[in-house]
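Once you know that position 259 of the sequence shown is 259 in full-length UniProt numbering, the rest is easy, because the numbers rise by one and skip nothing.
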Amino acid sequence: MDSNLLEDLLQKMKSLKIAVLGDFALDFYFNIQTQTSEISIETQKEVHHGSKTRTYLGAAGNVCKNLAHLGIQTTAFGIIGNDIFGREIIHQMNDLGINSKQMLISNEKETSVYSKPIEGTIEQNRIDFGTTENIPDSILQDLVLQFCLQINSYDGVILNEQFLKPLLSPSAFEQIQVEIKQNNKFAIADLRSQGALAKDVILKINWNEFANLTNCPEDAIDNLEDIKKYLNSLLQNRSKGILLTLGEKGIIYADKKTFVIDKAIPSKGEIDTVGAGDMVVAAFTAAMLAGATEIEACQFANLCAHISIHKIGETGSATTLEIMNYEL
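Set out below in structure tokens:
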């Protein structure tokens, strides 16, 4: 991208206000050593040694983090537990300048955590907390009400669905979608399983999700005309567009009047794609609200994702300084 355009977009982003509503988690990484020769007196089993604990905002929290690194005024709407992990999420949000006042605390659920033991350089079996719990309906309705009352305080909205039992039930999602449409707000939804519901917001979707939603064959990813055909079919009953991420093949944005594709920037060495989709959602939204065209927003998202995936062993991000100083 042209450096003057980049500078202009980043400057305009500083005045943006974006709300993020959805599934908030903490990514908890730690190194693990399983062969220690130390035997537990209590269990007579070998003791595993942990070290170098590190935590990052995950899921919708990662979207918030990415927006904050772009200089955007970000407000988080979510539900966490009254526990150590929930307190860490709030602590990290406050450190990043993310408004956490709309993060509701429930004594009826655990904070969602993706616990990731790393042995050597290999991530072992993930241990998840709180991702399969039902959300108490009363606190969910409180959250949705607060969001609807405040919607006009924001330039744009990002909706996130990550968990097996997500925060946003179909009825809650529809209530929010109606509010977004009535208030003519720019909104994008990153939904793992409820993509068919997103008709009045832009739907961000990856290739696997797209294939499941349209029943297109997996090898269609190599045929642009096939992709267009299935995209057009998906767009028939929608008022808003689709942001389709294709990994190393790039990003497509399409609606009933527009089709643009921007190829991904070739990677340089080892990469870690955890959180790349969150980076794309944040960057595309920020660029569009800052006045970019659809192709410019895709280019900006590709650049940010390229920077993000080269950060190993974390959820990734791209700061304004990294963006301006990056040499392709």
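Glycine included, every Cβ here is placed at the ideal spot set by N, Cα and C.
Since the structure is predicted, the reported quantities are computational estimates derived from the model, not experimental observations.
S106 and Y56 have their C-alpha atoms some 21 Å from each other. G313 carries a coil assignment under DSSP once its states are collapsed to helix, strand and coil. F259 is the residue among N160, K181, E270 and F259 whose C-alpha sits nearest the C-alpha of A297. When secondary structure is reduced to three states using DSSP, K263 falls in the coil class, being assigned neither helix nor strand. In this structure the region 185 to 192 lies against the region 269 to 287, because at least three pairs of beta carbons, one per stretch, are closer than 8 Å. The three-state reading of DSSP puts L70 in coil, since its state is none of H, G, I, E or B. Across the structure, I127 and G316 are spaced so that their CA atoms are roughly 20 Å apart. Taking 8 Å as the upper bound for CB-CB distance, I135 and L104 are not in contact here, some 10 Å apart. For Q33, the beta-bridge partners assigned by DSSP are H49. Distance from G313 to Y114 at the Cβ level is roughly 13 Å; contact not present, criterion being Cβ atoms closer than 8 Å. When the beta-carbon positions are compared, I323 and L16 stay at least 8 Å from each other. Ranked by Cα distance from F129, the options S153, D137, L164 and I158 are led by L164. Taking C-beta atoms under 8 Å as the contact rule, L213 and A196 qualify, at a distance of about 6 Å.
DSSP places P117 in the uninterrupted beta strand (DSSP E) bounded by S112 to E119. L26 and S3 have their C-alpha atoms some 34 Å from each other.
Nearest to E110 by alpha-carbon distance, out of L96, I89 and E123, is I89. Of the residues assessed, E7 falls on the exposed side of the cut-off, its CB having fewer than 16 other CB atoms within 10 angstroms. Collapsing the DSSP output to three states places N134 in coil.
In this structure, the beta-carbon distance from F147 to L21 falls below 8 Å. Of the residues assessed, T74 falls on the buried side of the cut-off, its CB having 16 or more other CB atoms within 10 angstroms.
Pairwise C-beta distances place the region 77 to 84 out of contact with the region 41 to 50, as fewer than three of them are shorter than 8 Å. With at least 16 other beta carbons inside 10 angstroms of its own, V274 counts as buried. Comparing alpha-carbon positions, the option among G50, L140, L149 and Q150 lying closest to F173 turns out to be L140. Its chain contains I151 and N152 as the residues whose beta carbon lies nearer than 7 Å to that of N183, once the 5 sequence neighbours on both sides are disregarded; these appear in chain order. Ranked by Cα distance from I221, the options A290, L303, Y326 and I252 are led by I252. Annotation: M1 is outside any beta strand (DSSP E) and is labelled neither H nor E by DSSP. For G277, the enclosing alpha helix (DSSP H) begins and ends at A276 to L289.
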